[in-house]
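The opening residue of the sequence shown carries number 0 in numbering that gives the first Met the number 0; numbering runs sequentially from there.
Data block below; observations after.
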Amino acid sequence: MEWSERIGRRIRLRDLHILLAVAQSKSLAKAAQQLAVSRPVVSKVIADLEHALGVRLLERDRHGAEPTIYGAALLKRGTTVFNELREGVKDIEFLVDPAAGEVRIGSGINTGETFVTAVIERLSRRYPRITFHLVTTNETDRLYRDLHERNVDFVIRRKGGRFSDGKLGFEVLYDPSFVVVAGSRSPWARRRRIALAELADEPWVLPPPESIMGPAFPDIFRASGLDHPRVAAVATQHGARLNLVATGRFLSIATDDVFGLSKRPEIKVLPIKLQHARAPVGIITLKNRALSPVAQLFIDEAREVAKPLGRRKW
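This is the structure we're talking about:
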């Protein structure tokens, strides 16, 4: 199949746009209505595409239209084309006005609510016309799917054990340490020296085992030769865990970056040195994707915000 003879001169972006509209609406008539063209125009475009490619792109019956495997393959690449064009327009807009634009960030909830919001706050002061879209979720598969489908420009989160996608790149921003935290009214907050073993029978509030950091906590206790502590409460959100810790009754384990960015004086870090595997926070990107200038600006600012983190002494 010669590109110049059979494809390059016969397939236009408008054709791909119409095919995409049909696939999304599952109907030639609905696509025609959405695009404000006649149904015969839509039918002719699809027929011309199928003729140019020599394969059937849609299965049509009285219930509607569905892409064939050939149609799905073309749509997958066609969507990438539209995304890249959209990014190209954004690049031009940024060159015309470097103080404006938008950036889409995916993040885990904890990191998004602390580190990423700190970056947004700093950057928005300098570039008030930049629009920030922050998507936070602890569903790892959703974040990676959003990145592959270009719903977000990049992801900022911890590098969990499931990170093995060869299409993704990971740049470490900071490598926080785990700390044991207690409420300022807790009797443990007044102690100057504490062994982890002394806290084994205290009421702990920890994240669920299936969360990204869940498996790390049993490992911390095992590294000190201890069994898993008595878990009095399980909470997915670190904010909920810290609220319980602040009452003075519960203990928990957090990372020093979360604690430092939260700035909660009613919570104290206990003087305990923990042994644990590292869980660096970093930027996850698609290796073959060029980032927009605004996205790169955000990453540069994230590097600056990250410099003092992970090296904090308590």
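For every residue, glycine included, the Cβ atom is placed at its ideal position computed from N, Cα and C.
Quantities reported herein were computed from a predicted structural model and do not represent experimental measurements.
Residue environment analysis places E120 among the exposed positions, since fewer than 16 neighbouring C-beta atoms fall within 10 angstroms of its C-beta.
Non-local C-beta neighbours of F153 in its own chain, meaning closer than 6 angstroms and more than five positions away in sequence, comprise I282, T284, ordered along the chain.
Given a length threshold of 3 residues, each whole run of the beta strand (DSSP E) inside the region 136-203 is given here in chain order: 153-157, 167-173, 177-182. A231 and K272 have their alpha carbons spaced roughly 23 angstroms apart. When only Cα atoms are considered, R221 and E265 end up about 29 angstroms apart. Taking each of S291, V280, N287, A289 in turn and checking the Cα distance to A301, the smallest one comes out for V280. Our two residues, L122 and S26, have alpha carbons roughly 44 angstroms apart in a direct line.
L12 sits exposed, since fewer than 16 C-beta atoms from the chains shown fall within 10 Å of its C-beta. Every alpha helix (DSSP H) of 4 residues or more that sits fully in the region 10-85 is shown, in chain order, as 12-24, 27-34, 38-52. Under DSSP, E101 forms a beta bridge with T130.
Cβ atoms of D60 and G105 stay farther apart than 8 angstroms, at about 38 angstroms. By the criterion of a C-beta distance shorter than 8 angstroms, T67 is surrounded in its chain by V54, R55, L56, L57, E58, once the five residues flanking it on both sides are discounted. Among the bridge pairs identified by DSSP, K267 is matched with A181. Taking every protein chain shown into account, the CB of A64 has 16 or more other CB atoms within 10 angstroms, so this residue is buried. Using a Cβ distance threshold of 8 angstroms, G165 and G247 do not count as a contacting pair.
When the alpha-carbon of G238 is set against those of P127, L34, V180, E197, the nearest one is in V180. With contacts defined as CB atoms closer than 8 angstroms, I108 and T78 fail to qualify as a contacting pair.
Here L225 carries a coil assignment [DSSP, helix/strand/coil]. Per DSSP, V244 lies in no beta strand (DSSP E) segment; the continuous alpha helix (DSSP H) that holds it begins and ends at 237-245. Per DSSP, reduced to three states, the secondary structure at G87 is helical. With a contact defined as Cβ atoms closer than 8 angstroms, Y143 and A305 miss out at about 22 angstroms. When secondary structure is reduced to three states using DSSP, L250 falls in the strand class. The Cβ atoms of R125 and A99 do not sit closer than 8 angstroms to each other.
Taking the Cα positions, A215 is about 44 angstroms away from A22.
In this structure I91 is exposed. Its beta-carbon is surrounded by fewer than 16 other beta-carbon atoms within 10 angstroms.
In chain order, L241, A245 place their CB closer than 8 angstroms to the CB of R263, counting only its own chain and leaving out the 5 sequence neighbours on each side.
If you look at L296, you'll find it in the alpha helix (DSSP H) that goes 292-305.
Scanning its chain for C-beta atoms nearer than 8 angstroms, with the 5 sequence neighbours on each side dropped, one finds around L243 the residues V204, A232, A234, F249, S251, in chain order. T284: member of the beta strand (DSSP E) spanning 280-285, first to last residue. In the structure shown, A117 adopts helical secondary structure according to DSSP, grouped into three states.
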